[in-house]
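*Asks:* Chains as they are written, first to last, in this note's numbering: chain A, 1 to 418; chain B, 1001 to 1418. Where a beta carbon is used, it is the ideal one built from N, C-alpha and C, also for glycine. Questions regarding the structure given below will be posed in turn.
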C-alpha cells in the first residue's frame, strides 16, 4: 500500500486522555481510534494486524477439527435466567436494552448459554459427539473502569471455542490438545517465551481453570511463575496447599505482573444439565453432555504484543502479525530514484510481500520517524545517494544501524529468490 | 469438508415460528440458527456463504481505492445529538443502554456521524482528499417487526462505505463509479438481470437517493421498473412530475415487488458542517467536506439470493457464493467404492475445489435429498454401481436428470485439467 493513499496520519503527541501505553502508541501511529474509554475503532493498519492474529488463531482452531461460525450479540433474558447469569448482581458486565415491545435483551459478553442451548438442535446421539465450534465475536462488557487501552475494552474481539464431549475423559483429551494449540498461538505471535500456562480459580465443577498469562508490567494480574517448570499460579489460588498439590516450591516462584491472554474452563456437565442438552449413549440411556470453553482475546493479544515489543521510538511488530513486512521509504524526487523505488515496490508486491511504500512528498526525518513509530519489521530506503551507489539501505526495526546492501542481498534477506 | 464432521443437521420440518421462506430454508438446511425474531446465528455453511459474498464486495470496494476498517458498535450520545439523530422520535431503531456511571450509549445502526467526526483527525488539507473507507459491521436496529427472515434483521451484517470529497463534482464522480461497482457485485452473485438502479427519496441536500432493488415477491418495497432503460422508481417518489423529469413513460413502467439490496446517499456538505469537518483549499480558505455514503446489506443479499433461486427441493446457490462447489455423495460401503470416493475428494480438494463429502452411513435417499436441500451447484454420486461401470454420476443442482460420465469429463466439467 502506498502511504500517500492511507488516510490515517501519525501524530507526535500522545492523546491526553489515554493512560495505557499500548493504546497511546497505536493511536499515535494511526492503528486505532478512540471512540470512548475502552471502545476503539480499528483503522486499516490496525485491522490488518487483527486479521493476521485471527488467521493464526483460526489455523490452530481448525487444526483441532473445530468449525467456525458466528453467534449473535442480542441475547434472550430467559436463557440466561436458566443458569442464573442474567441478574446484574450475578454478572456485572451486562449491557441491556429492550425491544420495541418491551422485551428485555442483553448484549453478549460470552456465549456458553446460547451455544449450549442451540446444540440441542444438533446433538441427540453419542454419534453426534465429540464436536466443537468457535467464533471471532465482538463482545460487549460494561466494565466499571477501562484504562488498559485495548487490553481491556468495553467492546473487544474474542475468539471463543466451545467443545462438547461424552465424558470427562473425552473432555480432558480435547482440553489438553487445546492447551497445546494455545501455546502454539503465543509462540507464533512472538510471545512464547513469556507466556505461561497458569492455574487459576475453577468453578462448581473443577478446582482450577487455566489461564495463559503473558509477563508484562502493563498486566492487571499478579502471578507466581516457575520458569523452569513453565508453569504459573494466579494469586487468587496461591496458597501453600495448592503449591503442595501442584508440586511447586514457594522459594522457586517469582511474583510478577502479567496479562491474561487466554482462559479455558471445564464446565463438566453442569451447564448442559441446566439447559437440557443430553445425548443417548450406546445403550440408549440419556446422558448429559460435558462442556468446556476456550477464550482468547484477539484485541487484548494485539495490545499485549504492542506493549511488550515497543521501544522509545514506537511500535515493533513481530513479522507474523505486522501489517506489512517492509517499509519502503523513498527519499528524494530524482526520476531515477522514483523509478527504482516504484520498481522495487512492484517487485516485492508481485512476490506477495506486503509493503508500506512511503511515496509522500515529506521530509526524510518524517519518513524515517514514521517507519519507526509504525513498527514495520524491515525498513528499506531508496535515495538519490543509494541510487548513485547502486545499493539499497536496509535496516531491521530492531537493529541500531542501517546497512548498504546490493539488490540481490536485499531480496534474499526479504525471502525472495532473485 | 466431510459431512460426518459437520455438527449441523438438516431438518425435514419447517420451523413453526418462521414465516420467511429464506430463513425457513436456511434453518432447515443448517445454514443459520434463529436466536430470536430477526436475530440469526450463521453456522459454518452459512458463514461460508457470507464470507463469499463479503469477498466479492471487498474486491469491488478495494477496486474503488477504498480502505477497510472497523468502527465501533458503542456510540456516544453527544455525537448523534449534534445532528439531531439521537432522539427516539427522530430515529426509531436505536438500541440504547448505559455505562456503569450512568452515561447513555447507543448501539450503532449506522456510522455517518462517528466516521465523519473521526475524520477530523485525518483531514485538514485539500491534499488529504478525496478519500474513502468502508467496513463490514454488525449493525443493531430495533425494528418493530422482523418477519422477513435474514432480509430484515434486528442484527445484521452491512457493508457501509463513506466517501469524502472536496466538491460536489468530485463527489459525483465517486458516486457514479460506485454505482458501477455495485452493479458488478449483483452481477457476480447472480442477481444482475433482476437488480435495478432505482430512484428513491433524497434528503436535505438532493432530490433523490439511489437504491438497488432486486425483483422478488419477498421484497418489502414496491417499485416501477423500466426494463428497457434498466431503471426503476420507488413508489415513494413515483409522481408524474418525477417521471417527466427522468424521461420515463408511465405506460412503459411495470409495478413490481422488490427488495432493497443497496442504497447510496449524497449528504452534500451538511453532515460535515454539522460535525465540523473542514479542509483548507489551495488558497488556504476553509471549506466543508462533501460526504456520500454507500450501504449494502450482506446478510440481506444472502437472503435475497436464497429466496430467489430456491426451488421445491431446497436452496440453489450460484457458484460464486455457494459454500462448496461439489456435493460428493458416497452411496454404498464396498471397499472399492469408499476408496474411489476418498480419492476423488482428495483430488478435488487438492485442486482447490471446495467439496462437501457426504461420507455418512445414511440412506441414499437422505443423502440425495440433503444435496438438493443444501443447494450445492454440482452433485457427484459414487456408488457400487458407478464403480463397477467405471463412471461417475454427475448432476447440476438445476438440471432435471443426472448423467453418467467418465472421470476425465467430470474433472473437465468441474474446471480441472486432468
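1. Distance cutoff 9 Å, beta carbons only. Does residue 1174 (chain B) sit that close to anything in chain A?
2. Alpha carbons only, please: which of A:229, A:109, A:274 and A:251 is nearest the one belonging to residue 75 (chain A)?
3. Considering Cα atoms alone, identify which of A:204, A:187, A:134 and A:249 is closest to residue 271 (chain A).
4. Quick one, are the C-beta atoms of residue 1397 (chain B) and residue 1304 (chain B) less than 9 Å apart?
5. Which residue wins for smallest C-alpha separation from residue 79 (chain A), given the options A:357, A:228, A:64 and A:106?
6. For residue 1254 (chain B), collect the residues of the same chain with a Cβ closer than 6 Å to its Cβ; drop the 5 residues on either side in sequence, then sort them by chain order.
7. Out of curiosity, what's the CA-to-CA distance linking residue 1375 (chain B) and residue 1366 (chain B)?
8. If you measure between the beta carbons of residue 1406 (chain B) and residue 1391 (chain B), is that distance less than 9 Å?
9. Using the beta-carbon of each residue, which ones in chain A are nearer than 8 Å to residue 1082 (chain B)?
10. If the cut is a Cβ gap below 7 Å, which residues of chain B does residue 100 (chain A) touch?
11. Terminal residues of the continuous beta strand (DSSP E) containing residue 232 (chain A)?
12. Can you give me, in chain order, the residues of the stretch 146 to 170 of chain A that have a beta carbon less than 7 Å from any beta carbon in chain B?
13. Can you name the residues that DSSP bridges to residue 160 (chain A)?
14. If distances are taken between C-alpha atoms only, which option among A:386, A:348 and A:321 comes closest to residue 49 (chain A)?
15. Using a beta-carbon distance cut-off of less than 9 Å, what residues from the stretch 1327 to 1354 of chain B approach chain A?
16. Given a limit of 8 Å on CB to CB distance, which residues of the stretch 376 to 410 of chain A reach chain B?
17. So residue 1138 (chain B) and residue 1155 (chain B) are supposed to be a Cβ contact under 8 Å. How far apart are they, rounded?
18. In this structure, how does DSSP classify residue 1303 (chain B) when only helix, strand and coil are distinguished?
19. Looking at residue 104 (chain A) and residue 77 (chain A), is the spacing between their C-beta atoms short of 9 Å?
20. Just verifying my parser: in three-state terms, what is the DSSP assignment at residue 1288 (chain B)?
21. Among all the DSSP beta bridges, which residues are the ones paired with residue 107 (chain A)?
22. Could you tell me whether the stretch 1227 to 1245 of chain B touches the stretch 1194 to 1208 of chain B, using the rule of 3 or more Cβ pairs below 8 Å?
23. By alpha-carbon positions, which one of B:1206, B:1026 and B:1342 ends up nearest to residue 1148 (chain B)?
24. Under the assumption that residue 1290 (chain B) contacts residue 1166 (chain B) (Cβ atoms under 8 Å), give the Cβ distance between them as a whole number of angstroms.
25. Between residue 32 (chain A) and residue 150 (chain A), which are expected to be in contact by the criterion C-beta below 8 Å, what is the C-beta distance as a whole number of angstroms?
26. Exposed or buried, what is residue 1336 (chain B) when buried is set at 16 or more other beta-carbons lying within 10 Å of its beta-carbon?
27. Starting from residue 1419 (chain B) and walking both ways along the alpha helix (DSSP H), at which residues does that stretch end?
28. So what does DSSP say about residue 1081 (chain B), is it helix, strand or coil?
29. With a threshold of 8 Å on Cβ separation, who are the neighbours of residue 1070 (chain B) within its own chain once the five nearest residues in sequence on each side are excluded?
30. At least one CB of chain A closer than 9 Å to the CB of residue 1298 (chain B): is that the case?
31. Along the stretch 1028 to 1041 of chain B, what residues have a CB closer than 9 Å to any CB found in chain A?
32. Mark residue 1038 (chain B) as exposed unless 16 or more other C-beta atoms lie within 10 angstroms of its C-beta, in which case mark it buried.
33. Run the CB neighbour count on residue 1144 (chain B), radius 10 Å, all protein chains shown included, and call it buried at 16 or more, exposed below.
34. Rounding to the nearest angstrom, what Cα-Cα distance links residue 1056 (chain B) and residue 1339 (chain B) in this structure?
35. Confirm the yes/no value for this check: CB of residue 1357 (chain B), any heavy atom of the ligand FMN, distance under 8 Å.
36. Quick check on residue 1022 (chain B) - is its C-beta less than 9 Å from some C-beta in chain A?
*Replies:* Taking the coordinates as given:
1. Taking the second chain and counting its residues from 1, the one referred to as residue 1174 (chain B) is at position 174. So, not an interface residue.
2. In the first chain, the residue the question calls residue 75 (chain A) occupies position 75. Minimum Cα distance to residue 75 (chain A) is reached at A:109.
3. Numbered from 1 along the first chain, position 271 holds the residue referred to as residue 271 (chain A). Among A:204, A:187, A:134 and A:249, the Cα nearest to that of residue 271 (chain A) is on A:204.
4. One-based indexing of the second chain puts residue 1397 (chain B) at position 397. One-based indexing of the second chain puts residue 1304 (chain B) at position 304. Cβ atoms of residue 1397 (chain B) and residue 1304 (chain B): not closer than 9 Å.
5. Against the first chain, residue 79 (chain A) aligns to sequence position 79. Comparing Cα positions, the closest option is A:106.
6. Your numbering for residue 1254 (chain B) matches position 254 in the second chain. Cβ neighbours of residue 1254 (chain B) beyond the five flanking positions: 1225.
7. Here residue 1375 (chain B) corresponds to residue number 375 of the second chain, with the count starting at 1. Here residue 1366 (chain B) corresponds to residue number 366 of the second chain, with the count starting at 1. The straight-line gap from Cα to Cα measures roughly 14 Å.
8. Numbered from 1 along the second chain, position 406 holds the residue referred to as residue 1406 (chain B). Numbered from 1 along the second chain, position 391 holds the residue referred to as residue 1391 (chain B). Taking 9 Å as the Cβ cut-off, residue 1406 (chain B) and residue 1391 (chain B) qualify as a contacting pair.
9. Within the second chain, residue 1082 (chain B) is the residue found at index 82, counting from 1. Per Cβ cutoff of 8 Å: no residues; residue 1082 (chain B) is ~15 Å from chain A at best.
10. Locating residue 100 (chain A) in the first chain gives position 100, counting from the first residue. Per Cβ cutoff of 7 Å: 1142 and 1144.
11. As a position in the first chain, residue 232 (chain A) is number 232, starting the count at 1. First-last of the beta strand (DSSP E) with residue 232 (chain A): 231 to 234.
12. 154 and 155
13. The residue you call residue 160 (chain A) lines up with position 160 of the first chain. Per DSSP, A:135 and A:295.
14. For the purposes of this step, residue 49 (chain A) is taken as residue 49 along the first chain, with counting starting at 1. Comparing Cα positions, the closest option is A:321.
15. none
16. none
17. In the second chain, counting from the first residue as 1, residue 1138 (chain B) sits at position 138. In the second chain, counting from the first residue as 1, residue 1155 (chain B) sits at position 155. Correct: roughly 6 Å between the Cβ atoms.
18. Residue mapping note: residue 1303 (chain B) aligns to position 303 of the second chain, counting from 1. Helix.
19. On the first chain, residue 77 (chain A) is found 77 positions in, with the first residue counted as 1. On the first chain, residue 104 (chain A) is found 104 positions in, with the first residue counted as 1. Cβ distance < 9 Å, so residue 77 (chain A) and residue 104 (chain A) count as in contact.
20. Reading the second chain from its first residue, position 288 is the one you call residue 1288 (chain B). Residue 1288 (chain B): strand per DSSP, three-state reduction.
21. Walking along the first chain from the start, residue 107 (chain A) turns up at place 107. A:74 and A:95.
22. yes
23. For this step, residue 1148 (chain B) is matched to residue 148 along the second chain. Taking only the C-alpha atoms, the option nearest residue 1148 (chain B) is B:1026.
24. Counting from 1 along the second chain, the entry for residue 1290 (chain B) is found at position 290. Counting from 1 along the second chain, the entry for residue 1166 (chain B) is found at position 166. Contact holds; Cβ gap of about 7 Å.
25. As a first step, residue 32 (chain A) must be located in the first chain, where it is residue number 32. As a first step, residue 150 (chain A) must be located in the first chain, where it is residue number 150. Right, their Cβ atoms sit about 7 Å apart.
26. Position 336 of the second chain holds residue 1336 (chain B). Label assigned to residue 1336 (chain B): exposed.
27. A query on residue 1419 (chain B) cannot be resolved here, the shown segment of chain B reaching from 1001 to 1418 and no further.
28. Here residue 1081 (chain B) refers to the residue found at position 81 of the second chain. The answer is helix: DSSP assigns residue 1081 (chain B) an H, G or I state.
29. Indexing the second chain from 1 puts residue 1070 (chain B) at position 70. Contacts found: 1135, 1136 and 1137.
30. By 1-based counting over the second chain, the position of residue 1298 (chain B) is 298. Not closer than 9 Å to any Cβ of chain A, the Cβ of residue 1298 (chain B) fails to qualify, so no.
31. 1030, 1033, 1035, 1036, 1037, 1038, 1039, 1040 and 1041
32. In the second chain, the residue the question calls residue 1038 (chain B) occupies position 38. By the neighbour-count rule (16 or more Cβ atoms within 10 Å), residue 1038 (chain B) is buried.
33. Taking the first residue of the second chain as 1, we reach residue 1144 (chain B) at position 144. Exposed.
34. As a first step, residue 1056 (chain B) is located in the second chain; it is residue number 56 there, counting from the start. As a first step, residue 1339 (chain B) is located in the second chain; it is residue number 339 there, counting from the start. Rounded to the nearest angstrom, the two C-alpha atoms are 36 Å apart.
35. Here there are no bound small molecules, and the ligand FMN is not part of this structure.
36. Position 22 of the second chain, counting from 1, holds the residue named residue 1022 (chain B). No - not a single Cβ of chain A is within 9 Å of the one on residue 1022 (chain B).
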